[in-house]
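These protein sequences, in sequence, are chains A and B.
Residue numbers for the first sequence follow my numbering, so the first one is 1207 and each next one is one higher.
Residue numbers for the second sequence follow my numbering, so the first one is 442 and each next one is one higher.
Don't be surprised by glycine CBs; every beta carbon is placed ideally from N, CA and C.
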Amino acid sequence: MNQTSKKRAIDFRRGQVVRGKWHHHHYTIISKLGHGAIGSVYLCESNGKQMALKISEKSSSVTMEVNVLKTFQKVQGNRLGPSLLDVDDWVDPSGVQYSFYVMEYLRGKQLSTYVKSHGEEWLGILMLQLLGDLESLHQQGWVFGDLKTENLIVTYPPARMRWIDVGGTTQIGRSIKEYTEFFDRGYWNMGTRKAEPSYDLFALAMVMVHFYHPKRFERGSSPKRTLLTKLNQTTQLKKYESVLKNALTGQYQTSEQMKRDLSHVLMEKQISKENYSRKDKVNKPVSSKQPVTQKRSQMPQATQNKKSVHPILESLGITLVVMVFYLFYLFLN
Amino acid sequence: MKKGTLKQILLITDGCSNKGEDPSAVAALAAQQGITVNVIGVLEDDRSEDPMGLQEVEDIAMSGEGVSQIVYKQSLSQTVQTVTKQAMTQTLQGVVNQELKQILGSKQSLEELPPEQRGEVMEVVEDLGETCDLEVLVLVDTSASMSNKLPTVREALIDLSVSMNARIGRNRFAIYSFPGKKKAIDKVSDWASKLDSVSSVFPKLTSGGITPTGPAIKDAMYEFGKKSLKRSFMREDEPNIEEAGY
């Protein structure tokens, strides 16, 4: 009960060694990675390996996060969140105790940075990955809760979406533990704060909206209309509009449904891109962006050649492209 | 196991009390009665108010065994619900700690346990927090300086009920404003499980410079004991048989 008064915010310096009270492991601080509502995260090094250490004056919150990470751990081969390496307490020189845990350090780029530098077509693909992960999370009876752009990073190569902050992860049927207003359907008057799969899907749709509205926007007097109008007005989101609208209005009960619809959209999108590039006789947008894989950059050429041959062959070619993209997507997963 | 009801007073204010008994003392009394006192100090976003004047905010919450936070107007919504939830966890943790001491001896508390066991105990605390019943009496300072903060306060309270009603346990909210016209506090809305009705009845402002925070908390304490509360805790959808006896 008296935990709040005496504790000061922790500020580790580079080179400082944090020694655990119970397990006696030590960690050398390298740099600060960030801080949030619950504590700060530091990059540290132990036995030659880099790890992330999260420490907080709120012992109970740390314990709750650890509980979540532990349940993820029980699922073999599933990479839900970073893996948990150690849980311990640190006692500062004046005798005050802080709780911390150490997890795998995920080196990557923030979602928005990654998509901006590697091409917008990645947004949809990464979202598909995320939907796949959410699906397994939901099947285990959990909802991510505080799903937002800042909590998503992309590790690469190969590009893989990972989430980094599990503080909001809540058992299905309970009330969402932690949320961020812009990504919260309760804030937009578009649903409850009960933990259910559709809560995450709303937030995921908002992540996509947020990508094109990085400064966010106010909800105004009729939040739902504001949001749907914004969605409608954002030209880059046009192709995703139907999927996003379904997600925002709670039409999807499972991530699998949304994933299916989104992959449909993504494949359609690729076809229209091919058509576009053909008409304009410009370089294929996909291959010019960046060298991804051999397979991928060759495909548009194949379609181009077939075009001059026969319309039936052309549609065959398109189907082929779609198939290859689908395989590529499966491969990514 | 019978689950208890957590009782909280949530005080939303922007300045110092200047009339009546010391609010911290009253808060300590409330804590004795099993009512936690949480305090949120609201700052205007544009001009800088004297944060020193808000020292009282922390003092009241500390003696009321609650949580305090000082925020700018625009982040009020999120704060209101965080503070409420934190206070619940804190209270429940206190109860669990008490139990632990009885079982494991006086020196054992949650923080003294090794991390592994602590995790299990926290799971219990979390379970309790999700399923227990909660009563929150919101006490809103409506002195003149609060005038342009009140719309935000109202929004934040509606938001609070959205958050709390996502829990499994039941909730009751009541809103009182102070200073009252004749008494220390005036009723804004009676005990109810949802706060969406607040929109229509949010208080008219009281002009004048008195802020009797202490007396307000004291009066608020009594509102928990009222019969109306007992009645309102019966399921609304069930026919209220006992009422015939009144």
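Taking Cβ positions, are residue i and residue j nearer each other than 8 Å?
| i | j | result |
| --- | --- | --- |
| Leu1454 (chain A) | Met1396 (chain A) | yes |
| Ser481 (chain B) | Thr520 (chain B) | Reading off the sequence, residue 481 (chain B) comes out as Ile, not Ser. It is a contact, given that the beta carbons lie within the stated cut-off. |
| Val603 (chain B) | Gly1392 (chain A) | yes |
| Leu580 (chain B) | Leu452 (chain B) | yes |
| Ser1231 (chain A) | Ser1262 (chain A) | Checking the sequence, you will find His at residue 1231 (chain A) rather than Ser. Not a contact, by the Cβ cut-off of 8 Å. |
| Asp388 (chain B) | Gly610 (chain B) | In the structure as shown, chain B starts at 442 and stops at 687, and residue 388 (chain B) therefore has no counterpart that could be examined. |
| Gly1351 (chain A) | Ala1411 (chain A) | no |
| Leu1353 (chain A) | Val1308 (chain A) | no |
| Ser584 (chain B) | Pro620 (chain B) | yes |
| Gln534 (chain B) | Val566 (chain B) | yes |
| Val467 (chain B) | Ile651 (chain B) | no |
| Leu1317 (chain A) | Ile1359 (chain A) | yes |
| Glu506 (chain B) | Ala472 (chain B) | yes |
| Met1464 (chain A) | Leu1407 (chain A) | yes |
| Thr1361 (chain A) | Leu1312 (chain A) | yes |
| Glu571 (chain B) | Arg1380 (chain A) | yes |
Rounded to whole angstroms, how far is the Cβ of residue i from the Cβ of residue j, which I believe are closer than 8 Å?
| i | j | result |
| --- | --- | --- |
| Thr1398 (chain A) | Ala597 (chain B) | No, Thr1398 (chain A) and Ala597 (chain B) are not in contact; Cβ-Cβ is about 17 Å, not under 8 Å. |
| Asn1288 (chain A) | His1344 (chain A) | Here the sequence assigns Pro to residue 1288 (chain A), which means Asn is not the residue at that position. Actually they do not touch by this definition, with Cβ atoms about 19 Å apart. |
| Tyr1532 (chain A) | Ile1331 (chain A) | Going by Cβ atoms, the distance from Tyr1532 (chain A) to Ile1331 (chain A) rounds to 12 Å, so no, they are not a contact pair. |
| Val1274 (chain A) | Thr1375 (chain A) | 5 Å |
| Glu664 (chain B) | Leu578 (chain B) | 6 Å |
| Met529 (chain B) | Leu447 (chain B) | 6 Å |
| Leu1437 (chain A) | Met1333 (chain A) | At roughly 15 Å, the Cβ-Cβ gap does not stay under 8 Å, so Leu1437 (chain A) and Met1333 (chain A) are not in contact. |
| Glu556 (chain B) | Val1293 (chain A) | According to the sequence as given, residue 556 (chain B) is Pro; it is not Glu. So it is a contact: roughly 4 Å between Cβ atoms. |
| Val1372 (chain A) | Glu1271 (chain A) | 6 Å |
| Leu1329 (chain A) | Phe1389 (chain A) | That belief does not hold up - the Cβ atoms of Leu1329 (chain A) and Phe1389 (chain A) are roughly 16 Å apart, past 8 Å. |
| Asp1295 (chain A) | Gly1226 (chain A) | 7 Å |
| Arg1422 (chain A) | Thr1432 (chain A) | In fact, because the Cβ distance is near 12 Å, the residues do not count as touching under 8 Å. |
| Arg559 (chain B) | Thr1269 (chain A) | 5 Å |
| Val508 (chain B) | Asn479 (chain B) | 5 Å |
Find the residues of chain A that neighbour residue i, judging by a C-beta separation of less than 9 Å, and give them in chain order.
| i | result |
| --- | --- |
| Gly560 (chain B) | Thr1269, Met1270, Val1272, Asn1273, Lys1276 and Val1293 |
When you compare each of the options to residue i by their alpha carbons, which one comes out closest?
| i | options | result |
| --- | --- | --- |
| Arg1285 (chain A) | A:Met1367, A:Asp1390, A:Thr1376 and A:Lys1260 | A:Met1367 |
| Tyr1405 (chain A) | A:Gly1301, A:Ile1382, A:Val1372 and A:Glu1424 | A:Ile1382 |
| Pro592 (chain B) | B:Val483, B:Asp463, B:Ile476 and B:Leu451 | B:Val483 |
| Ser1300 (chain A) | A:Leu1519, A:Pro1517, A:Tyr1393 and A:Ile1216 | A:Ile1216 |
| Trp1228 (chain A) | A:Gly1314, A:Gln1335, A:Tyr1304 and A:Val1528 | A:Tyr1304 |
| Leu1434 (chain A) | A:Phe1417, A:Asn1452 and A:Lys1421 | A:Asn1452 |
| Lys514 (chain B) | B:Gly655, B:Asp455 and B:Pro620 | B:Asp455 |
| Ala413 (chain B) | B:Val629, B:Ser504 and B:Asp463 | In the structure as shown, chain B begins at 442 and stops at 687. Residue 413 (chain B) is therefore absent and cannot be evaluated. |
| Tyr1446 (chain A) | A:Arg1466, A:Gly1245 and A:Phe1350 | A:Arg1466 |
| Asp631 (chain B) | B:Pro620, B:Gln473 and B:Ala661 | B:Ala661 |
| Glu1384 (chain A) | B:Gln527, B:Gly475 and B:Lys624 | B:Gln527 |
| Val1297 (chain A) | A:Pro1429, A:Ala1401, A:Ser1267 and A:Val1223 | A:Val1223 |
| Gly1221 (chain A) | A:Ala1243, A:Gly1242, A:Gly1245 and A:Leu1249 | A:Leu1249 |
| Gln474 (chain B) | B:Ile450, B:Leu495 and B:Asp463 | B:Ile450 |
| Ser1428 (chain A) | A:Ser1461, A:Phe1408 and A:Trp1394 | A:Trp1394 |
| Ala633 (chain B) | B:Val524, B:Glu553, B:Leu551 and B:Ile616 | B:Ile616 |
| Gly1254 (chain A) | A:Tyr1233, A:Ser1266, A:Thr1269 and A:Gln1439 | A:Tyr1233 |
| Phe614 (chain B) | B:Thr525, B:Ser509 and B:Asn459 | B:Thr525 |
| Gly1338 (chain A) | A:Ser1323, A:Ser1461 and A:His1470 | A:Ser1461 |
| Ser1265 (chain A) | A:Leu1239, A:Val1302, A:Phe1278 and A:Glu1326 | A:Val1302 |
| Val1321 (chain A) | A:Gly1379, A:Leu1519 and A:Pro1420 | A:Pro1420 |
| Gln522 (chain B) | B:Lys622, B:Gly655 and B:Met605 | B:Met605 |
| Ala502 (chain B) | B:Pro464, B:Glu485 and B:Ser516 | B:Pro464 |
| Leu495 (chain B) | B:Cys457, B:Glu462, B:Glu485 and B:Lys635 | B:Cys457 |
| Gly461 (chain B) | B:Leu636, B:Gln510 and B:Ile626 | B:Ile626 |
Using a cut-off of 7 Å between C-beta atoms, extract the partners of residue i located in chain B.
| i | result |
| --- | --- |
| Arg1399 (chain A) | Val603, Ser604 and Ala607 |
Quick one: list the residues of chain A neighbouring residue i, beta-carbon separation under 7 Å, in chain order.
| i | result |
| --- | --- |
| Met563 (chain B) | Ser1266, Thr1269, Met1270 and Asn1273 |
| Gln519 (chain B) | Glu1387 |
| Thr530 (chain B) | Ser1266 |
| Glu567 (chain B) | Met1270 |
Give me the chain B residues within the contact set of residue i, using Cβ-Cβ distance strictly less than 8 Å, ordered along the chain.
| i | result |
| --- | --- |
| Trp1228 (chain A) | Pro555 and Pro556 |
| Gln1303 (chain A) | Glu552 |
Along chain B, which residues have their Cβ under 9 Å away from the Cβ of residue i?
| i | result |
| --- | --- |
| Ile1382 (chain A) | Ser604 and Ala607 |
| Gly1392 (chain A) | Asp600, Val603, Ser604 and Ala607 |
Give the interface partners of residue i over in chain A, defined as CB-CB distance under 8 Å, in chain order.
| i | result |
| --- | --- |
| Glu571 (chain B) | Arg1380 and Ser1381 |
Hey, does residue i have any beta-carbon neighbour from chain D nearer than 8 Å?
| i | result |
| --- | --- |
| Ile1518 (chain A) | Here chain D cannot be found, since the structure's protein chains are A and B. |
Practice item. Identify each residue in the stretch 1265-1282 of chain A for which the Cβ-Cβ distance to at least one residue of chain B is less than 8 Å, and report them in chain order. Key: If the cut-off is 8 Å between Cβ atoms, the stretch 1265-1282 of chain A has Ser1265, Ser1266, Thr1269, Met1270, Val1272, Asn1273 and Lys1276 near chain B.
Check your understanding: When Cβ atoms are compared, which residues of the stretch 533-544 of chain B fall closer than 9 Å to chain A?
Key -> Gln534, Gly535 and Asn538
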